[in-house]
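Residue numbers (the working numbering), protein chains in the order written: chain A, 1349 to 1533; chain B, 9 to 221. A quick write-up on the structure given underneath.
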Amino acid sequence: MTTHEIELKALMLASLEGDAASHRTLLKRLSSRLRAYYKGKLARMGRGAAEAEDLVQEAVLAVHFKRHTYDPAEPLTPWVHAIARYKLIDFLRRTRTSRTDVPIEEADTTMAHDDNVVAESTYDVRRLMQRLPKNMRCSIEAVKLDGLSVAEAAVRCGISEPGVKVNIHRGLKALATLIARETRT
Amino acid sequence: MKTDDLVDLLSTNPEPVDRGLVVRTLLIALGAGSILALGITIFGLGARPDMMTSGALGFVVAKVSFAVGISSLALVYLAKLARPGGERKPRSYLVAVPFLVIVALAAISLGLAPSSRWNKMIVGDEWLECLVSIPIIAIVPFAVAIWAVRQAAPTNLARTGAFAGLVAGGVSAMAYALHCTDDSLPFVAVWYGGTIVLCTLAGAAMGPRLLRW
Chain A
1349 MTTHEIELKA LMLASLEGDA ASHRTLLKRL SSRLRAYYKG KLARMGRGAA EAEDLVQEAV
1409 LAVHFKRHTY DPAEPLTPWV HAIARYKLID FLRRTRTSRT DVPIEEADTT MAHDDNVVAE
1469 STYDVRRLMQ RLPKNMRCSI EAVKLDGLSV AEAAVRCGIS EPGVKVNIHR GLKALATLIA
1529 RETRT
Chain B
9 MKTDDLVDLL STNPEPVDRG LVVRTLLIAL GAGSILALGI TIFGLGARPD MMTSGALGFV
69 VAKVSFAVGI SSLALVYLAK LARPGGERKP RSYLVAVPFL VIVALAAISL GLAPSSRWNK
129 MIVGDEWLEC LVSIPIIAIV PFAVAIWAVR QAAPTNLART GAFAGLVAGG VSAMAYALHC
189 TDDSLPFVAV WYGGTIVLCT LAGAAMGPRL LRW
């Protein structure tokens, strides 16, 4: 087992408990690895860095929203690799490239390299957020972007605390759907 | 947008995650699917009239066990397939065991019977009803199983769809067994086994479309 696996798994276990700092570090580290993976794959097919960045973000969203499907009894790397490969194949199918171009490699190679040269993705999340219903938008902006507590957000948005939580949960899912749709066009 | 902004967005105040959610959702789906399938069978077709006689009860229990065995085994693998990379887990061919057992038992019972009775044993009285009913009853548990798997994240959609179909076929056969009065082993092997396989193939065909995320 590599040291990456041990460190990333420890971060994942903490993030499943709701530890924000671990969750952030985990997603940051995974995103640079995913970037190296997607850039490598797409460069071979003559695709650009912006498309790779879209895929990185789709995969990061998937890691976040599907983190309940990670089984702590298993290593983390194959789980991330399966998501990364699934999103790549889905992207290639959408853009009509044969899936035979995607070799099934060892899970370790997905996570072998970092790439921190960040490109802009092709969409703007602030613009997408304008399409969300008011309570969802207000709750996400307050808690996720401005870092307010749930209680403070409840006061600002004029809804109950459980309401803020529900609106964040639903709003982020809706946002992920919008992002997926945006990167698909 | 920069990926780092997205990461910040996602990692401010994250909720703790319920680790048992995948398995619990599938179990709820199995329970709900079973209740619905039983309801459709009892209210749509009616329970067999001789259900509580000692002769019939043994056959009902045998057929129900065959079907429940298939569903439970399939659910174990469905729970693995519902997670990313779950298709790499080995030994999913174990789900064939109940089929092999019933086919072996059917062969033995045919071997013990005179060949003049074979036709009656295999075709039974209601083969057509069985052939139609099990796949139709399976639609509801299949829909519930697909809903449950969609809460998770399968990465091999055809195989996951196949196992969802297998679970649904088993649940449907379990329910149909309460109505069916054909009690020979070859009948169960051919018409129950066959229709459950049919449900599995249908699930495999529909999986990639229904399970995309």
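Note that the Cβ used here is the ideal one computed from N, Cα and C, for glycine as well.
Residues Ala166, Arg167, Gly169, Ala170 and Gly173 of the same chain have their beta carbon placed closer than 8 angstroms to that of Ala212(B), with the five preceding and five following residues left out of the count.
At a cut-off of 7 angstroms between beta-carbon atoms, Val25(B) makes contact with chain A. Judged by beta-carbon spacing, Leu218(B) lies within the 7 angstroms limit of Ile154(B), meaning their Cβ atoms are closer than that value.
Judged by DSSP secondary structure, Gln1478(A) falls outside any alpha helix (DSSP H); it is assigned neither H nor E. The beta carbons of Ser192(B) and Ser117(B) sit about 7 angstroms from each other, so the pair counts as a contact at 8 angstroms. In terms of beta-carbon proximity, Glu1365(A) lines the interface with chain B, with at least one pair separated by less than 7 angstroms.
DSSP, read as helix, strand or coil, puts Trp221(B) in coil.
Distance between Leu108(B) and Lys88(B), taken at the CA atoms: about 23 angstroms. Look at the region 92-103 of chain B: the residues with a C-beta under 9 angstroms from a C-beta of chain A are Pro92, Gly93, Gly94, Glu95 and Arg96.
Proximity of Pro22(B) to chain A, defined by a Cβ-Cβ separation below 7 angstroms, is satisfied. Secondary structure of Lys71(B) (DSSP, three-state): helix. Cα atoms of Pro122(B) and Gly132(B): separation of roughly 16 angstroms, rounded to the nearest angstrom. At least 7 angstroms separates the CB of Ile1507(A) from every CB of chain B.
Within the same chain, Cβ atoms closer than 7 angstroms to the Cβ of Asn164(B) are found at Leu89 and Glu95, the five residues on either side in sequence being excluded. Between Val15(B) and chain A, the shortest Cβ-Cβ separation is below 7 angstroms. At least 7 angstroms separates the beta-carbon of Ser1487(A) from that of Val1503(A). The closest CA to that of Gln159(B), considering only Asp13(B), Val31(B) and Lys97(B), is found on Val31(B). In its chain, beyond the 5 residues on either side, Val68, Lys71, Val72 and Ala75 have a beta carbon closer than 7 angstroms to the beta carbon of Ala185(B). C-alpha of Arg91(B) to C-alpha of Tyr1418(A): approximately 7 angstroms in a straight line. Contact between the region 1431-1439 of chain A and the region 1406-1421 of chain A is established, with three or more Cβ pairs separated by less than 8 angstroms. When 7 angstroms is used as the limit between beta carbons, Gly1495(A) is near these residues of chain B: Thr20, in chain order. In summary, Asn127(B) is exposed, with fewer than 16 beta-carbon neighbours lying within 10 Å of its beta-carbon over all protein chains present.
In the three-state DSSP reduction, Gly1495(A) falls in the coil class, being neither helix nor strand.
In the three-state reduction of the DSSP assignment, Thr20(B) falls in the coil class, being assigned neither a helical nor a strand state. For the region 27-108 of chain B, the continuous alpha helix (DSSP H) assignments of 4+ residues that do not extend past its boundaries occur at 29-48 and 62-89, in sequence order.
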